[in-house]
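Accompanying notes for the structure given below.
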Amino acid sequence: MLSVYLIIVYIILLIWKKSRKLALYFLPWVIFGVSYDMMRLCPNYKVSSIDVGNLYDTEKSLFGIAASGMNELHKAAELCKGSAEAIYESGTLIPGEYFAIHHTPWVDFLAGLFYLCWVPVPLGFAFYLFFKKQYKWCLKFSWSFLFVNVLGFIIYYIHPATPPWYVMNYGFHVNLNTPGNMGGLGRWDTMTGIPLFHMIYGENANVFAAVPSLHAAYMLITTYYAAHSHKPWYTIALFGTICLGIWFTAVYAGHHYIIDVILGILTAIVGLLITELIIYRIPKVKSFLNKR
């Protein structure tokens, strides 16, 4: 398990005097990785019932795209056999179904690049803050990142939900043994000949964790702290572009509903409000941060 390797590496870093400071500052990231991986030991569907159809129906009612004709309906139904009946009944496609038949290679390529940034860029930013000795910002960013994850993980267990690709492939019946799926990102693997997303989603710790989209939250938090730590405008612009790209890709690749993305954004905002306006203003916490 990933968590075992993380803990071993962390203990080594903590024991070695020269890397102890690094280990202490990156504790939130280790907790994040271990807690995510440990979810496979107690899947969220053992705690609450899985939402299979409600999100799909709500997405279609709010953001549905009317099919241009029977030819488009047939194409969508052929590619999305799990939801084929719902497609024919309504004559309307959810965005994930629409993009399953309307996609282009250059967008597929960019989408894959954007989605590969979801953890590496935030983690890289934390390392940048640490090695630039901006310890206060490194701590605030890292602990806020973890706090938003905790909020998201709690919601995962309160409301387990299937992603669009699940309904598009398997319909509205629950199959607890469903493996992770690349969705539209499989086109990136095929295009590049690198089975990267196959490997990533083959190790997915929780298939039924579509709500909220933490993919949507991560780069928003990163962009916020880039701006508040007074980074150059081009860094903020780059992070903001990646953020928007991930939001788009989440829907384009069928990994999330637009609803999931919106809820992911709201989770990030709530987490930032709680950490910045409450936790970091506690006198002892504030004093500790100001000494960094």
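The sequence shown begins at 581 in this note's numbering and counts up by one. All residues carry an ideal CB built from backbone N, CA and C; glycine is no exception. Just so we're clear, the structure is a prediction, and the values are computed from it rather than from any experiment.
- LEU693 carries a helical assignment under DSSP once its states are collapsed to helix, strand and coil.
- Within a 10 Å sphere around the beta-carbon of GLY851 sit 16 or more other beta-carbons, which makes this residue buried.
- Taking C-alpha positions only, GLY671 is separated from ALA646 by approximately 6 angstroms.
- In the structure shown, THR672 adopts extended strand secondary structure according to DSSP, grouped into three states.
- If you compare the alpha carbons of VAL791, GLU652, TRP745, SER867 with that of ALA833, the shortest gap goes to TRP745.
- Apart from the 5 residues on each side of it in sequence, LYS640 sits with its Cβ closer than 7 angstroms to the Cβ of SER670, THR672, ILE674 in its chain, given in chain order.
- Contact annotation, ASP688 with MET799: C-beta distance approximately 20 angstroms; criterion of less than 8 angstroms not satisfied.
- In the DSSP assignment, ASP631 is bridged to ALA741.
- The residues TYR737, ILE738, HIS739, PRO740, in chain order, have a CB closer than 7 angstroms to that of SER628 in the same chain once the five nearest residues on each side in sequence are set aside.
- Per DSSP, PHE868 is one residue of the alpha helix (DSSP H) stretching across 863–870.
- It is roughly 30 angstroms from the alpha-carbon of CYS660 to the alpha-carbon of THR821.
- Contact check between the stretch 816–831 and the stretch 788–797: three or more CB pairs, one atom from each, fall below 8 angstroms, which counts as touching.
- For the options MET650, TYR636, GLY644, the alpha carbon positioned closest to that of SER663 is the one of TYR636.
- When rounded, the separation of the alpha-carbon atoms in MET619 and ASN651 is 42 angstroms.
- One alpha carbon belongs to GLU665, the other to VAL747, and they sit about 11 angstroms apart.
- The C-beta of GLY692 has 16 or more other C-beta atoms within 10 Å across all chains shown, which makes the residue buried.
- For ALA789, DSSP records a beta bridge to ALA741.
- Boundaries of the alpha helix (DSSP H) harbouring ILE816: 813–832, taken from the DSSP string.
- Note on geometry: alpha-carbon atoms of PHE643 and ILE630 lie some 22 angstroms from one another.
- DSSP places ILE858 outside both helix and strand once states are collapsed to three, so it counts as coil.
- Apart from the 5 residues on each side of it in sequence, ILE838 sits with its Cβ closer than 7 angstroms to the Cβ of GLU639, PHE643, PRO675, VAL831 in its chain, given in chain order.
- In this structure, DSSP gives ALA647 a state outside helix and strand, which the three-state scheme calls coil.
- Shown here for GLU677: same chain residues with a beta carbon closer than 7 angstroms to its own, the five before and five after excluded, namely ALA656, CYS660, SER663, ILE667, MET748 in chain order.
- Between THR758 and VAL787, the beta carbon gap of about 5 angstroms places them in contact (Cβ cut-off 8 angstroms).
- SER809 and TRP717 do touch by the CB rule: their CB atoms are close to 4 angstroms apart, below 8 angstroms.
- Taking 7 angstroms as the cut-off, the Cβ atoms of ILE611 and LEU765 do not count as close.
- Annotated three-state conformation of CYS660 is coil, per DSSP.
- By the C-beta density criterion, PRO863 is exposed, having fewer than 16 other C-beta atoms within 10 angstroms.
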